[in-house]
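Taking it in order: structure first as structure tokens, then the write-up.
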Amino acid sequence: METGVDFSKAVKDYILEEFLPGENPDELTDDLPLISGGILDSIATLKLVLHFEEQYGIVLEAHEADKEHLDTIRSIASLLASKAR
């Protein structure tokens with residue numbers, strides 16, 4: 001697994017590219033609610049999870065693919081960093 005990755009930046013960049021093209025990057029803060037705020041739906045969330053599993057060889061457990069772990073850039077980055085160790 002790849003370590004030393006800035007997962008906050010990687011998650012933000014991926015969300016901006018895939019789901020919010022043309023949006024102001026400054027508006028996408030680390031604590032902005034993504035799922036509960038309607039930015040990511042279930043398909044987008046699955047796509048995001050699959051991307052990071054493939055990109056970094058990280059495996060998320062089914063119970064981790066929920067709003068608690070995936071609702072903000074901060075929570076996603078924290079989860080990915082914990083799996084990359």
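Just so we're aligned, residue 1 is where the sequence shown starts under UniProt numbering, counting upward by one. Ideal Cβ placement from N, Cα and C applies to all residues, glycine included. Fair warning: this is a prediction, and the values are worked out from it, not measured in the lab.
- Note on K12: 16 or more other CB atoms within 10 angstroms of its CB, so buried under the neighbour-count rule.
- Shortest Cα-Cα distance from E54 to any of E68, E27, G37, A84 involves A84.
- With a contact defined as Cβ atoms closer than 8 Å, L40 and F19 qualify at about 7 Å.
- Assignment of D13 by DSSP, reduced to helix, strand and coil, places it in the helix class.
- Contact between D30 and T72 holds, since their C-beta atoms are separated by about 6 Å, short of 8 Å.
- CA-to-CA, the gap between G22 and L16 works out to about 8 Å.
- R74 and E64 have their C-alpha atoms some 14 Å from each other.
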